[in-house]
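Student: Same order as they appear, the protein sequences are chains L and E. Per the working numbering, the first sequence starts with residue 1, numbered consecutively. Per the working numbering, the second sequence starts with residue 1001, numbered consecutively. Questions regarding the structure given below will be posed in turn.
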Amino acid sequence: MSQKNSQHNSCCEKPSHEPVGIQTAARPITDVAQQNEVCCGSPPGPESSRYEKPGYALLDFVEAFVQTPAGPVPRVKTDLQWRDHAGTIRARLGINRAQHKIAPGLYCVGKPDAQAPVLVTANYKLTFDALRTELKAVSAWVLVLDTRGINVWCAAGKNLFSTTELIDRVNRTDLKKVVSHNRLILPQLAATGVAAHHVKKAIGFKVIYGPVRTLDIPKFLANGFTSEPSMRKVTFSTLERVILIPVELAHLPKPSFWVLLAAFVISGIGIQVFSFSAAWVRGMMLAVAYAVGILAGAIVTPTLLPWIPGKSFAVKGAIIGLIGGAAIVVLFQSNLQFWGALALMLCTTAVGSYLAMNFTGSTPFTSPSGVEKEMRKAIPLQALALIVALVAWVGAAFAG
Amino acid sequence: MENFRYLPGVTTLTLNRKACVGCGMCEVVCPHGIFSMHDNKARIDDLDGCMECGACAKNCPADAIGVTPGVGCASYIIQTWIKGKNVAACGSEKCC
Ligand code: SF4
Ligand code: SF4
């Protein structure tokens, strides 16, 4: 008796009708299905895809493989599955963001031929998802560069989305065998890392810079590879800013632990050397001031950015922090004297200003010369405010 | 970006109009529309809008544009102050 049948017997106690030694694999598939249904309840899943290979996982977003002179090229879906959305949420929250990438190489959408355009992009999964979902009515080749899972703009700035990587990837994928033209369409924001004239000289491909935003790509393709001026400028809408807030906050837990610990210890110092009740009551007020500083600098300032007066981010954050500090003083007024109130307000102002200044890294319009100039002025003031706040807070305990 | 203005008078951007060959690449790649073409030469229209990304200089075939490119990111700059320019990494997740 074959091993398979003996297993069935032990499982369902159903006598086998199969003569010993007959190859069970040759049986029609329906037979097996029926047997399993009787045997173990739920019917089996679908047959393995013919694209599966031992040691490789077939990805959800791959629909099929297209044969090309350079070998099989995966054709990807142009809409997102729940797994894509789940990955997006994780990446936005800063969970395992560095691992959210796909294999570099050549992909395609629709039914591209040798004349179809080649769109070049980064291998950050969110970037790739954004691109393919805009290509629903398009047939094109998609060349994914190894940008270490970093988006186009940041990868270009770090020289990962670079001239050499582009040249290398074109050669390694044998793109010349796949297409009969010599045009590569790059996102405009890749221009920081790629020198079009060097690419042309090295491999003969002409780099055409497409629009800044992926959603303009269908229009760009339909217009014969030209962008309107508005498609070439970066924007920083409220939504674009708000989406960055979770990542800003994701960096705070570790420093915050030490800040809060210090806040409670400092709050306990007073006439009786150290008082635990004071540490608790006054420490709580300081903790609230710190939280309001975070709210001011990392949430309110980014959201209301264009409407807050001032050009430098440190000033914008300080204004919002000061307003927040004033609100706390009103809230705790029965427990506060002048020095304590001053300390809390300086604290929210300094924290708000510092965190707002850190938001410069997430914006698409702050120049490094400008940020450095603002920091040289702001950091000493922020430090001074914190020292004065500290002295005033401890002093208030002795005075009170 | 008209509704976002950063500090004026700080950018390192320069243009050598004599060297310019009029290819128009800088006008295409600049994400802030700083350049426009006049009489087959590039012209800087909005110097203070420049964020020093370096795209224009990188793609100028005539080396007519000068700029010290970099990232306008406070936590990165703090790292360069502490650790020096070569080891500073753009806080792996933070700004980029
Ligand atoms: S450095 Fe960037 S922002 Fe400044 S002019 Fe050149 S392309 Fe435009
Ligand atoms: S990229 Fe250089 S050569 Fe071309 S238009 Fe601009 S400045 Fe002139």
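The beta-carbon is built from N, C-alpha and C at its ideal position, and this holds for glycine as well.
Could you name the residues of chain L that E/Ala1055 contacts, counting a contact when the two beta carbons are closer than 7 angstroms?
Tutor: Locating residue 1055 of chain E in the second sequence gives position 55, counting from the first residue. Those within 7 angstroms of E/Ala1055 in chain L are Ala191, Thr192.
Student: Below 8 angstroms, can you find three or more Cβ-Cβ pairs linking the stretch 328-337 of chain L to the stretch 370-378 of chain L?
Tutor: Cβ pair count under 8 angstroms is below three, so no.
Student: Under 7 angstroms between beta-carbons, which chain E residues line up against L/Tyr209? List them in chain order, please.
Tutor: For the purposes of this step, residue 209 of chain L is identified with residue 209 of the first sequence, where counting begins at 1. Residues of chain E passing the Cβ test: Val1028, Val1029.
Student: Got a sec: which bits of the stretch 1058-1087 of chain E sit with their beta carbon under 8 angstroms from any beta carbon on chain L, in order along the chain?
Tutor: Lys1058, Asn1059, Pro1061, Thr1068, Pro1069, Gly1070, Val1071, Gly1072, Cys1073, Ala1074, Ser1075, Tyr1076, Ile1077, Ile1078
Student: Rounded to whole angstroms, what is the Cα-Cα separation between L/Ala383 and E/Trp1081?
Tutor: Your numbering for residue 383 of chain L matches position 383 in the first sequence. Your numbering for residue 1081 of chain E matches position 81 in the second sequence. The alpha-carbon atoms of L/Ala383 and E/Trp1081 are separated by roughly 16 angstroms.
Student: Unbroken alpha helix (DSSP H) runs of length 4 or more, entirely within the stretch 63-138 of chain L: which are they?
Tutor: 82-92, 125-133
Student: With 16 as the cutoff for other CB atoms within 10 Å, does L/Gln188 come out buried or exposed?
Tutor: Looking up residue 188 of chain L in the first sequence gives position 188. So L/Gln188 ends up on the buried side.
Student: The stretch 229-250 of chain L: which residues have C-beta closer than 9 angstroms to a C-beta of chain E, in chain order?
Tutor: Pro229, Arg232, Lys233, Val234, Thr235, Phe236, Val247, Glu248, Ala250
Student: Given that a residue counts as buried once 16 or more other Cβ atoms are within 10 Å of its Cβ, and exposed if not, what is L/Asn123?
Tutor: Looking up residue 123 of chain L in the first sequence gives position 123. That one is buried.
Student: Taking E/Phe1004 as the query, report the chain L residues whose CB atoms sit under 7 angstroms from its CB, ordered along the chain.
Tutor: To locate residue 1004 of chain E, count along the second sequence from 1; it is residue 4. Under the 7 angstroms cutoff, chain L gives Phe236, Pro306, Phe365.
Student: State yes or no: is the beta carbon of E/Cys1050 nearer than 9 angstroms to at least one beta carbon in chain L?
Tutor: Residue mapping note: residue 1050 of chain E aligns to position 50 of the second sequence, counting from 1. Answer yes: the Cβ-Cβ gap between E/Cys1050 and chain L drops below 9 angstroms somewhere.
Student: Are at least three pairs of beta-carbons, each pair with one atom in the stretch 225-240 of chain L and one in the stretch 1061-1073 of chain E, less than 8 angstroms apart?
Tutor: In short, these stretches do not touch, since the Cβ pair count stays below three.
Student: For ligand 1, I want to know if E/Cys1050 counts as a neighbour, meaning its beta carbon is within less than 8 angstroms of at least one of the ligand's heavy atoms.
Tutor: On the second sequence, residue 1050 of chain E is found 50 positions in, with the first residue counted as 1. It does: the Cβ of E/Cys1050 is within 8 angstroms (strictly closer) of some heavy atom of ligand 1.
Student: Applying a beta-carbon distance threshold of less than 8 angstroms, which residues of chain E neighbour L/Lys373?
Tutor: For the purposes of this step, residue 373 of chain L is taken as residue 373 along the first sequence, with counting starting at 1. Within chain E, the residues near L/Lys373 are Leu1007, Val1010.
Student: Suppose you measure from the CA of L/Leu93 to the CA of L/Ala289; what does that come to, to the nearest Å?
Tutor: The residue given as residue 93 of chain L occupies position 93 in the first sequence. The residue given as residue 289 of chain L occupies position 289 in the first sequence. Between L/Leu93 and L/Ala289, the C-alpha separation is close to 25 angstroms.
Student: Using beta carbons (cut-off 9 angstroms, strictly below), is L/Leu381 in contact with chain E?
Tutor: Position 381 of the first sequence holds residue 381 of chain L. Not one beta carbon of chain E lies nearer than 9 angstroms to the beta carbon of L/Leu381.
Student: Got a sec? Which residues, its chain only, sit under 8 angstroms from L/Ile428 by beta carbon, not counting five neighbours each side?
Tutor: With chain L covering only 1 through 400, there is no way to say anything about residue 428 of chain L.
Student: Drop a sphere of 10 angstroms on the beta-carbon of L/Thr68, count the other beta-carbons inside from all chains shown, and report buried for 16 or more, exposed for fewer.
Tutor: By 1-based counting over the first sequence, the position of residue 68 of chain L is 68. Classification of L/Thr68: buried, given that the 10 Å Cβ count is 16 or more.
Student: Which residues in the same chain have their Cβ closer than 7 angstroms to the Cβ of L/Asn36, if we skip the five residues on either side of it in sequence?
Tutor: By one-based count along the first sequence, residue 36 of chain L stands at place 36. Unreliable placement is indicated for L/Asn36, whose pLDDT of 49 sits below 50; no coordinate value is reported for it.
Student: Between L/Lys316 and chain E, is the shortest Cβ-Cβ distance under 9 angstroms, so that the two count as touching?
Tutor: The sequence position of residue 316 of chain L within the first sequence is 316, counting from 1. Taking Cβ atoms only, chain E never reaches closer than 9 angstroms to L/Lys316, which makes this a no.
Student: Using the beta-carbon count (16 or more within 10 Å), is E/Lys1018 buried or exposed?
Tutor: As a working mapping, residue 1018 of chain E is identified with position 18 in the second sequence. It counts as exposed.
Student: Please identify the residue among L/Gly395, L/Ser367, L/Ala396 whose C-alpha is closest to the C-alpha of E/Val1097.
Tutor: The structure shown does not extend to residue 1097 of chain E, since chain E spans only 1001 to 1096, so no value can be given for it.
Student: Write down every uninterrupted run of the alpha helix (DSSP H) in the stretch 1045-1080 of chain E whose length is 4 residues or greater and which is fully enclosed by it, in chain order.
Tutor: 1055-1058
Student: Three or more C-beta pairs under 8 angstroms: does that hold for the stretch 347-367 of chain L against the stretch 319-330 of chain L?
Tutor: In short, these stretches touch, since the Cβ pair count reaches three.
Student: From L/Met357 to E/Gly1049, what distance separates their C-alpha atoms?
Tutor: Indexing the first sequence from 1 puts residue 357 of chain L at position 357. Indexing the second sequence from 1 puts residue 1049 of chain E at position 49. Cα to Cα, L/Met357 sits roughly 19 angstroms from E/Gly1049.
Student: With DSSP run on the structure shown, which of helix, strand or coil describes L/Val329?
Tutor: Position 329 of the first sequence, counted from the first residue, corresponds to residue 329 of chain L. In this structure, L/Val329 counts as helix in the three-state DSSP scheme.
Student: Quick one: does the C-beta of L/Thr402 sit closer than 8 angstroms to a heavy atom of ligand 1?
Tutor: Nothing can be reported for residue 402 of chain L, as the shown portion of chain L is limited to 1 through 400.
Student: Please check if any C-beta of chain E sits within less than 9 angstroms of the C-beta of L/Thr360.
Tutor: Position 360 of the first sequence, counting from 1, holds the residue named residue 360 of chain L. Interface criterion met: the Cβ of L/Thr360 is under 9 angstroms from a Cβ in chain E.
Student: In the DSSP assignment, the beta strand (DSSP E) including E/Ser1036 goes from what residue to what residue?
Tutor: Here residue 1036 of chain E corresponds to residue number 36 of the second sequence, with the count starting at 1. From DSSP, the beta strand (DSSP E) with E/Ser1036 extends over 1035-1038.
Student: Could you tell me whether the Cβ of E/His1038 comes closer than 9 angstroms to any Cβ of chain L?
Tutor: Looking up residue 1038 of chain E in the second sequence gives position 38. Answer no: the Cβ-Cβ gap between E/His1038 and chain L never drops below 9 angstroms.
Student: So for L/Leu244, helix, strand or coil by DSSP?
Tutor: For the purposes of this step, residue 244 of chain L is taken as residue 244 along the first sequence, with counting starting at 1. In the structure shown, L/Leu244 sits in coil (DSSP, three-state: anything other than H, G, I, E or B).
Student: Using DSSP's beta-bridge definition, name the partner residues of E/Thr1014.
Tutor: Counting from one through the second sequence, the residue named residue 1014 of chain E turns up at place 14. Per DSSP, E/Gly1066.
Student: Identify every run of the beta strand (DSSP E) within the stretch 152-202 of chain L, keeping only runs that are complete inside it and at least 3 residues long; order them along the chain.
Tutor: The qualifying runs are 183-186.
Student: Please say whether L/Gly293 and L/Gly210 have beta carbons closer to each other than 9 angstroms?
Tutor: The residue you call residue 210 of chain L lines up with position 210 of the first sequence. The residue you call residue 293 of chain L lines up with position 293 of the first sequence. Not in contact: L/Gly210 and L/Gly293 (Cβ atoms no closer than 9 angstroms).
Student: Have a look at L/Ile203, L/Thr301, L/Arg75, L/Gly310 and flag the residue whose alpha-carbon is nearest the alpha-carbon of L/Lys176.
Tutor: The residue labelled residue 176 of chain L in the question sits at position 176 within the first sequence. Minimum Cα distance to L/Lys176 is reached at L/Ile203.
Student: Quick one: grab the DSSP three-state call for L/Tyr51.
Tutor: Residue 51 of chain L sits at position 51 when you count from the first residue of the first sequence. Three-state result, L/Tyr51: coil.
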